[in-house]
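2 protein chains.
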Amino acid sequence: MLISQANDYAVRSLIYIVKNSQYKKIFTTKEVAEKLKISRIFLAKIFQKLANKGLINSMKGVKGGVMIIKDTDKITLYDIFEAVDGIPVLRKCIYNRKICSLNYDCGMNKFFNKTQKLLENELKKVTIVNLAKKSNY
Amino acid sequence: MLISQANDYAVRSLIYIVKNSQYKKIFTTKEVAEKLKISRIFLAKIFQKLANKGLINSMKGVKGGVMIIKDTDKITLYDIFEAVDGIPVLRKCIYNRKICSLNYDCGMNKFFNKTQKLLENELKKVTIVNLAKKSNY
DNA sequence: CCAAAATAGGATTAAATTAGTCTTGTTTTA
DNA sequence: TAAAACAAGACTAATTTAATCCTATTTTGG
Ligand code: FES
Ligand code: FES
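Sequence lines, in order, name chains P and C.
In this text, residue positions in the first sequence follow numbering that gives the first Met the number 0: the first is 0, and each later residue adds one.
In this text, residue positions in the second sequence follow numbering that gives the first Met the number 0: the first is 0, and each later residue adds one.
See the structure below:
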C-alpha cells in the first residue's frame, strides 16, 4: 500500500482537529488518539514531525498540546505526507543498481516519472478543509 | 514503493522478449534471468503467474521455455501487474476496521478512489511494445 | 528408455520495511 | 514540586515482500 499508516493517521488527526476547532485550538495527543482509536505514543511521533515542518505548533506542559498553525486551506495531502513519512513513490529506479539491477533505461522510467507527477498533483489539490468537509464523522 | 520487484521483473522480462523475438519465439527462464541479472527461480515463479493468466505460454522439456501469446500491443502494464502481484493499491480502507480503525468515512476515501482510477487508467495506456520502443537497451 | 534440461507448484525462509513502543528528558502550570 | 504534557532517539515487533528449496512432471536427444 502506497499510503503509510502514519501518513494516514496524520491526515485523520488534522481532519479531527479542523472539525473540532470552533471552541478551542489546542488539542492533546491523548484526546486525538482516543477519539481516533489509535496509539497515543505513535501519534505523538507523528505530531512531532508535523511540528518540525511547521504545519502545527506543539506546546509542552500541563495545558499543552498541538495547534494547527499553517493556513488550513493551504495544507494539502502533499504537505502532510511530505512531513510525516515522505511523499509516496510509485517506483524507485532511474538506473539505481540496488533496485533494478540494470544500468540502462528499461523504458518504464519515463512512464513512472510522468505518473508520479500526476499523483503528486492530485495530492497537492486536496486540502485539509476540503477533506474535513467531506468527512461524515 | 508501489510497484513490487516481481511486477517490475515481469515487465522487464517481457520487454526483453519483445525486443529479442525477431529470430525466435521461445525463451528459457535461464536466458532471461541471466540477461536481466535477476534470480532464475524467482523469475520462474513470475513466468508461472503470467502463464496462468494467459499472457504467455510455457513449455516444459529440453526445448521448452516461455513464449508471449497475447497480442503484444494489447498487453498493458495493468495486465502484467494484475497477473503477477496484483494491481497496486494506493490505500486500502473503505471502513475496513483492520486498516483504519474507523467505521465512518474520514473523507479520504473519495479522493483515493478517484486517484486509484486515474492510476489504473495510466497503467492501461502503456503497452509492452510501447515500453520496448522506449527502452534503450 | 533414460539422463538432461526445462517448467509447475507448494512450503518455507530470509530480508526489508513499516508500525509501534520504551526510556529518558524537558517544559509548564496549578 | 508533582502531574500532565511534548521531544527525541533507540529499540522491538509485526507485517509484507523477496527469494529459495524441494519434489514433481514433461520433453527430447542419444
Ligand atoms: S527498472 Fe531500472 S531502468 Fe527500468
Ligand atoms: S482511512 Fe478509513 S475511513 Fe478514512
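Here a beta-carbon is modelled for each residue, glycine too, at the ideal position from N, C-alpha and C.
Every value quoted in this text rests on a predicted model; they were computed, and no experiment measured them.
Using 8 angstroms for Cβ pairs, my map puts residue 9 of chain P next to residue 86 of chain P. What's the rounded Cβ distance? Sequence index remark: in the first sequence, residue 9 of chain P carries index 10 (1-based). Sequence index remark: in the first sequence, residue 86 of chain P carries index 87 (1-based). The beta-carbon distance between residue 9 of chain P and residue 86 of chain P, rounded to whole angstroms, is 13 angstroms. This is too long to meet the 8 angstroms contact definition.
When you compare each of C:38, C:59, C:13 and C:28 to residue 129 of chain C by their alpha carbons, which one comes out closest? Within the second sequence, residue 129 of chain C is the residue found at index 130, counting from 1. Ranked by Cα distance from residue 129 of chain C, the first of C:38, C:59, C:13 and C:28 is C:13.
Cβ of residue 121 of chain C within 8 angstroms of any chain P Cβ: Translated into the one-based positions of the second sequence, residue 121 of chain C becomes position 122. Among the residues facing chain P, residue 121 of chain C is included, as its CB has a counterpart in that chain under 8 angstroms away.
Would you decide whether residue 11 of chain C is buried or exposed? Buried here means 16 or more other CB atoms lie within 10 Å of its CB. The residue labelled residue 11 of chain C in the question sits at position 12 within the second sequence. It is buried - the Cβ of residue 11 of chain C has at least 16 other Cβ atoms within 10 Å.
Contacts around residue 39 of chain C, its chain only, beta-carbon distance under 8 angstroms, and the 5 residues preceding and following it disregarded: The residue labelled residue 39 of chain C in the question sits at position 40 within the second sequence. Annotation for residue 39 of chain C: 28, 29, 32 and 33 place their beta carbon closer than 8 angstroms to its own, counting only its chain and skipping 5 residues before and after.
Tell me whether residue 12 of chain P sits in a helix, a strand or coil according to DSSP, three-state version. The residue labelled residue 12 of chain P in the question sits at position 13 within the first sequence. Here residue 12 of chain P carries a helix assignment [DSSP, helix/strand/coil].
Along the chain, which unbroken stretches of the alpha helix (DSSP H) at least 4 residues long are found entirely within the region 23-93 of chain C? The qualifying runs are 28-35, 39-51 and 76-83.
Under the DSSP definition of a beta bridge, which residues are partnered with residue 126 of chain C? Indexing the second sequence from 1 puts residue 126 of chain C at position 127. When beta bridges are read from the DSSP output, residue 126 of chain C appears opposite C:75.
Closer than 8 angstroms, CB to CB, is residue 90 of chain P near chain C or not? Taking the first sequence and counting its residues from 1, the one referred to as residue 90 of chain P is at position 91. Answer yes: the Cβ-Cβ gap between residue 90 of chain P and chain C drops below 8 angstroms somewhere.
Consider the Cβ of residue 12 of chain C: report whether some Cβ of chain P lies at a distance smaller than 8 angstroms. As a working mapping, residue 12 of chain C is identified with position 13 in the second sequence. Among the CB atoms of chain P, none fall inside 8 angstroms of the CB of residue 12 of chain C.
Pull out every residue of the region 62-89 of chain C whose Cβ sits closer than 9 angstroms to any Cβ of chain P, in chain order. Listed by position, the residues of the region 62-89 of chain C near chain P (Cβ gap below 9 angstroms) are 76, 87, 88 and 89.
Count the other CB atoms within 10 Å of the CB of residue 125 of chain P; is the residue buried (16 or more) or exposed (fewer)? The residue labelled residue 125 of chain P in the question sits at position 126 within the first sequence. Counting Cβ neighbours within 10 Å, residue 125 of chain P comes out buried, since at least 16 surround it.
Report yes or no: do the region 56-72 of chain P and the region 109-128 of chain P share at least 3 C-beta pairs separated by less than 8 angstroms? At 8 angstroms Cβ cutoff, the stretches touch.
Please identify the residue among P:121, P:110 and P:122 whose C-alpha is closest to the C-alpha of residue 121 of chain C. As a working note, residue 121 of chain C is residue 122 in the second sequence. If we check each option's Cα against that of residue 121 of chain C, P:110 comes out closest.
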